[in-house]
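Beneath this line is the structure, given in structure tokens, with notes to follow.
Number of protein chains: 2
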Amino acid sequence: MNIIISNSSSEPIYEQIKKEIKQAIYSNELKEEEILPSVRVMANDLKISFLTVKKAYDELEAEGFIKTVQGKGSYVLPKNLELLREEKLKEIEKNISTIVKLSKIYGITEEEVVNLIRIMFEEDL
Amino acid sequence: MNIIISNSSSEPIYEQIKKEIKQAIYSNELKEEEILPSVRVMANDLKISFLTVKKAYDELEAEGFIKTVQGKGSYVLPKNLELLREEKLKEIEKNISTIVKLSKIYGITEEEVVNLIRIMFEEDL
DNA sequence: CGAACTGTTATATTTAATATATAACAGTAT
DNA sequence: ATACTGTTATATATTAAATATAACAGTTCG
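Read top to bottom, the protein sequences are chains A and B. Residue 20 in my numbering is what sits at position 20 of the first sequence, and the numbering runs on without skipping anything. In my numbering, each residue carries its 1-based index in the second sequence increased by 125.
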């Protein structure tokens, strides 16, 4: 479990932690049943408050990705890859919706957008 | 000048105002040299503080879209459509970058994304 | 059992961004 | 002059995020 957070990011720390854990679950870096670092250990590693880590874990549990048991810790639930993929697909759709709205207002064509997509997809393989 | 703001939006009111004015400038609803509502008038209309409107106007001026003169008011600068378009293009690129990153991690293909784009472009013409 | 881990909860504080209220001041137009 | 403009300063309120600290509770293991 290798979490990297940015203190200066506008994105809240607990959100950054959530994202990285989801990604680790998806990429199988974190396997089913695997125990996550305890809130205090991770807080210590990241030099942040354990309450911030707890917030991330609480939300990950509410979203069905991990399970926390008092006294024991938090572990990765039988992962629902489809769930994760769907969640991200929704995020992508939201971004696309923003793009389409902006494009229509500011006279950017469908082809221009598609070209950008294609170019950026090829980059940094 | 017809500004609509949402009190419940997570987007700051001054940002909403900025966006709507930029859009109005782009669509020529607000023409070159046209006087914007005074900060107090708009604040009154929207039932918000004039300081919030001032913040929006100040930033619009810093970004080169309007000009404010003490005692007179704020008016639309000779508009630089290209500037606006470029600004929005950057916003779009940022969104695309997010999309591409997510897609690569979560196994969503270029074609899937392009299809979504095409579908959403056709919708709500 | 007891020590050393886990997580939980409550309280209080800090910081930054947003938004507000109010009052006083300054420029412009008529 | 008056009535608009914008400007500035001060103070306050709200919210989200993050923190610090202390006390409490469950689990594990020697």
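We put the beta carbon where it would ideally sit given N, CA and C, even for glycine. Since the structure is predicted, the reported quantities are computational estimates derived from the model, not experimental observations.
Between which residues of its own chain and residue i is the CB-CB distance below 7 Å, once the five residues before and five after are set aside?
i	result
Glu32(A)	Val76, Pro78 and Lys79
Ile191(B)	Leu161, Tyr182, Leu185, Ser199, Tyr200, Val201 and Leu202
Glu159(B)	Tyr200 and Val201
Does residue i pass the burial test, meaning 16 or more other C-beta atoms within 10 Å, or should it be called exposed?
i	result
Asn95(A)	buried
Leu176(B)	exposed
Ile25(A)	buried
Ile217(B)	buried
Leu81(A)	exposed
Lys88(A)	buried
Leu46(A)	buried
Ile119(A)	exposed
Lys22(A)	buried
Name the residue from the options whose alpha carbon lies nearest to the alpha carbon of residue i.
i	options	result
Tyr106(A)	Tyr139(B), Glu145(B) and Thr234(B)	Glu145(B)
Glu237(B)	Lys90(A), Lys101(A) and Leu102(A)	Lys90(A)
Val164(B)	Asn153(B), Glu136(B), Val194(B) and Ser135(B)	Val194(B)
Gln240(B)	Ile108(A), Ser97(A) and Glu123(A)	According to the sequence as given, residue 240(B) is Asn; it is not Gln. Looking at the Cα atoms, Ser97(A) is the closest of the given residues.
Leu270(B)	Thr109(A), Ile117(A) and Ser49(A)	What the structure shows of chain B is the stretch from 126 to 250, and residue 270(B) is not part of that stretch, so it cannot be assessed.
Glu211(B)	Ile244(B), Ile128(B), Glu188(B) and Glu159(B)	Glu188(B)
Asn7(A)	Ile48(A), Leu30(A), Glu34(A) and Glu29(A)	Ile48(A)
Leu209(B)	Gly196(B), Asn169(B) and Ser152(B)	Ser152(B)
Lys143(B)	Lys197(B), Ile128(B) and Ser134(B)	Ile128(B)
Leu44(A)	Ile5(A), Lys72(A), Ser9(A) and Glu34(A)	The sequence shown places Asn at residue 44(A), rather than the Leu named in the question. When only C-alpha atoms are compared, the closest one is Ile5(A).
Glu248(B)	Val100(A), Glu123(A) and Glu122(A)	Val100(A)
Kindly list the residues whose CB is nearer than 6 Å to the CB of residue i, restricted to its own chain and excluding five residues on each side of it in sequence; keep chain order.
i	result
Met1(A)	Pro37
Leu155(B)	Ala149 and Val201
Met42(A)	Val53
Gln141(B)	Ile130
If the cut is a Cβ gap below 9 Å, which residues of chain A does residue i touch?
i	result
Leu209(B)	Tyr106
What residues of chain B sit near residue i, judged by a beta carbon separation below 8 Å?
i	result
Leu89(A)	Tyr231 and Ile233
Below 9 Å on C-beta distance, what does residue i contact in chain B?
i	result
Lys26(A)	Reading the sequence as shown, one finds Tyr at residue 26(A) and not Lys. Ile230, Tyr231 and Gly232, listed in chain order.
Please list, in chain order, all residues of the same chain as residue i whose beta carbon is under 8 Å from its beta carbon, the five residues on each side excluded.
i	result
Tyr139(B)	Thr177, Val178, Lys180, Ala181 and Glu184
Glu110(A)	Ser103
Determine the chain A residues that contact residue i at a beta-carbon separation under 8 Å, and present them in chain order.
i	result
Leu148(B)	Looking at the sequence shown, residue 148(B) is not Leu but Gln. Here the neighbours are Ile105.
Point to revise | Cβ-based contacts, 7 Å cut-off: residues of the region 217-229 of chain B near chain A | key: Ile217, Glu218, Asn220, Ile221, Ser222, Thr223, Ile224, Val225, Leu227 and Ser228
Check your understanding: Name the residues in the region 234-249 of chain B whose C-beta lies less than 7 Å from a C-beta of chain A; which are they?
Key -> Within the region 234-249 of chain B, the residues whose Cβ lies closer than 7 Å to some Cβ of chain A are Glu235, Val238, Val239, Leu241, Ile242, Arg243, Met245 and Phe246, listed in chain order.
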